[in-house]
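**Q** Dumping the structure here so I can ask a few things about it.
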Amino acid sequence: MMFIDSFAWIEYFMGTERGRKVKKIIEGNVITYTSPTVIAEIFSKSVRTDGQDKARERVDFIVDRCVLIQTDENIAVEAGRLHGEMKPKIKDFGLADAFILASARSKGAKVVTGDPHFKDLDDTVFLD
């Protein structure tokens with residue numbers, strides 16, 4: 001099971017070498033997850049770079065290919081715990097990063113990303 005992070009989706013949509021690795025995962029025989037946090041990040045980035053229509057198209061594409069993990073109280077509390085734990089170690093580890101990690105862990109999924117905040121975490125498939 002894999003959780004596709006915003007970083008991975010951006011690489012995918014840009015058609016980069018990292019994006020081709022993401023494509024293999026998405027098209028493979030594995031359950032893929034994402035979260036509302038990722039949807040918001042992708043929409044924000046896409047609307048700024050490519051406009052509203054392209055942003056909507058990308059979100060629809062993601063939702064068609066992934067199980068969307070809804071944020072609940074357990075994920076929110078775990079995200080808060082992770083943020084409190086990680087922030088002293090990684091100064092710019094954001095609350096969005098914590099929500100992504102908590103969401104992935106709630107399903108036992110690995111986070112597919114190239115975001116340096118996740119580089120040394122065991123439950124990450126890091127895109128080099």
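Residue numbers (my numbering): 1 to 128.
Cβ atoms here follow ideal geometry from the backbone N, Cα and C, with glycine treated the same way.
Just so you know, these numbers come straight off a predicted model, no measurement behind them.
1. Who pairs with residue 126 in a beta bridge, going by DSSP?
2. Grab me the residues of residue 117's own chain with a C-beta within less than 7 angstroms of its C-beta, minus the 5 sequence neighbours each way, in chain order.
3. Less than 8 angstroms separating the beta-carbons of residue 5 and residue 128?
4. Taking the straight line between their C-alpha atoms, what separation do you get for residue 126 and residue 47?
5. With C-beta atoms as the reference, is residue 7 less than 8 angstroms away from residue 109?
6. In whole angstroms, what is the alpha-carbon distance linking residue 99 and residue 68?
7. Have a look at residue 24 and residue 15 and give me their C-alpha separation to the nearest angstrom.
8. Going by DSSP, what residue range makes up the alpha helix (DSSP H) through residue 1?
9. Give me the Cα-Cα distance between residue 120 and residue 111, rounded to the nearest whole angstrom.
10. Would residue 40 and residue 75 be called neighbours here (beta carbons separated by less than 8 angstroms)?
11. Are residue 62 and residue 42 close, meaning C-beta to C-beta below 8 angstroms?
12. Give the DSSP-derived three-state secondary structure of residue 67 in the structure shown.
**A** Short version:
1. Locating residue 126 in the sequence shown gives position 126, where the first residue counts as 1. Per DSSP, 113.
2. Sequence index remark: in the sequence shown, residue 117 carries index 117 (1-based). Only residues of its own chain outside the window of five on either side were considered, and among them 90, 93, 97 have a CB closer than 7 angstroms to the CB of residue 117, listed in chain order.
3. As a first step, residue 5 must be located in the sequence shown, where it is residue number 5. As a first step, residue 128 must be located in the sequence shown, where it is residue number 128. Their beta carbons are not under 8 angstroms apart, which means residue 5 does not touch residue 128 by this criterion.
4. The sequence position of residue 126 within the sequence shown is 126, counting from 1. The sequence position of residue 47 within the sequence shown is 47, counting from 1. Those two C-alpha atoms are separated by around 26 angstroms.
5. In the sequence shown, the residue the question calls residue 7 occupies position 7. In the sequence shown, the residue the question calls residue 109 occupies position 109. Contact check for residue 7 against residue 109 fails: the beta carbons are separated by 8 angstroms or more.
6. The residue you call residue 99 lines up with position 99 of the sequence shown. The residue you call residue 68 lines up with position 68 of the sequence shown. Between residue 99 and residue 68, the C-alpha separation is close to 13 angstroms.
7. The residue labelled residue 24 in the question sits at position 24 within the sequence shown. The residue labelled residue 15 in the question sits at position 15 within the sequence shown. Note on geometry: alpha-carbon atoms of residue 24 and residue 15 lie some 12 angstroms from one another.
8. For the purposes of this step, residue 1 is identified with residue 1 of the sequence shown, where counting begins at 1. Bounds of any alpha helix (DSSP H) do not take in residue 1, whose DSSP letter is neither H nor E.
9. By 1-based counting over the sequence shown, the position of residue 120 is 120. By 1-based counting over the sequence shown, the position of residue 111 is 111. Whole-angstrom Cα-Cα distance: 12 angstroms.
10. Locating residue 40 in the sequence shown gives position 40, counting from the first residue. Locating residue 75 in the sequence shown gives position 75, counting from the first residue. In this structure, residue 75 does not lie closer than 8 angstroms to residue 40 by Cβ.
11. Here residue 62 refers to the residue found at position 62 of the sequence shown. Here residue 42 refers to the residue found at position 42 of the sequence shown. Going by C-beta atoms, residue 62 is nearer than 8 angstroms to residue 42.
12. The sequence position of residue 67 within the sequence shown is 67, counting from 1. The answer is strand: DSSP assigns residue 67 an E or B state.
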